[in-house]
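Enquirer:
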Amino acid sequence: MSAIKLNAEVRTDLGKGASRRLRHADKLPAILYGAEKEAVSLTLEHNEVLKLNENESFYTSVLTLDVAGEEVQALLKDIQRHPFKPKVLHIDFLRVDATQKIHTTLPLHYINEEIAASIKEGGVLVKTAHEVEVSCLPGDLPEFVQVDVNAIALGQTLHLSDLVVAEGVELVELAKGEDHDQAVASVAAPKASKEDESAEEEAAE
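When you number the sequence shown by our numbering, it's gap-free, plus one each residue, and the end is 208.
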């Protein structure tokens, strides 16, 4: 679980005009909902969020919101950005219950490309997935799922069922059945050069 913590204030001044005033003051309007509780409007420090915006784990981890002294566990569910300025406009947070499983999407991190024998042999790595949907308890949520390229032989395709995930983490697509065992990556054999093709044709003749 991420150690990211954000301070938040409960916001009572609502509406578009109030949100504009907050943004002019370098504050960020947000909302917290879920876990069968009432939605709460919040105010965050814009610069604090802007720094976290560069951190991948901000999007994939269970965050801790300090709301008026009460710590709340939540996932970032939506973020609205300015179309061209480096500015965040609004954030949606979803409360999580430590005893209830959550569904979220995690990025795939490809490792060992530089030492993979299949690539050293001239193979070309083809990535067919960049993220996966997982289900787990909040305390079991990893920040990403690794794909070990060194485990892919030349001409082989790696599927979801080949991925190694932490205990307690379930790949949602696999739970739907074998037909959903999607391809994740493959190492394609190198294309033969024109010289090689000519040599093969001469040998055949």
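Glycine residues also receive a C-beta, built at the ideal position from the N, C-alpha and C atoms.
Please read these numbers as outputs of a predicted model, since none were measured by experiment.
1. Could you give the distance in angstroms between the alpha-carbon of residue 171 and the alpha-carbon of residue 19?
2. Can you check which of these residues, 14, 174, 77, 60, is closest to residue 31 by C-alpha distance?
3. Where does residue 167 fall in DSSP's three states?
4. Using only CA atoms, which one of 75, 44, 192, 181 lies nearest to residue 120?
5. Where does the unbroken alpha helix (DSSP H) through residue 52 begin, and where does it stop?
6. Measuring straight from C-alpha to C-alpha, what distance separates residue 202 and residue 129?
7. For residue 183, tell me which candidate among 163, 77, 52 has the shortest Cα-Cα distance.
8. Let me know the alpha helix (DSSP H) ranges lying completely inside the segment 29–97, each 4 residues or longer, listed in chain order.
9. In the DSSP output, what is residue 10 paired with across the bridge?
10. Can you pull the DSSP bridge partners for residue 192?
11. I'd like to know whether the C-beta atoms of residue 78 and residue 65 end up nearer to each other than 8 angstroms.
12. Counting C-beta neighbours from all protein chains within 10 Å, is the total for residue 102 16 or more, i.e. buried, or is it exposed?
13. Could you say which of 174, 115, 176, 132 lies nearest to residue 155 if we only look at CA atoms?
14. Bridge partners of residue 151, per DSSP?
15. Pick from 186, 148, 91: whose alpha carbon is nearest that of residue 27?
16. For residue 122, count the other beta carbons within 10 Å of its own beta carbon; 16 or more makes it buried, fewer makes it exposed. Which is it?
Expert: On the basis of the coordinates in this document:
1. 42 angstroms
2. 14
3. coil
4. 192
5. 49–55
6. Per-residue confidence for residue 202 stands at a pLDDT of 47, beneath the threshold of 50, marking its modelled position as unreliable; no derived number is given.
7. 163
8. 49–55, 60–63
9. 69
10. Bridge partners of residue 192: none, in fact.
11. yes
12. exposed
13. 115
14. 114
15. 91
16. buried
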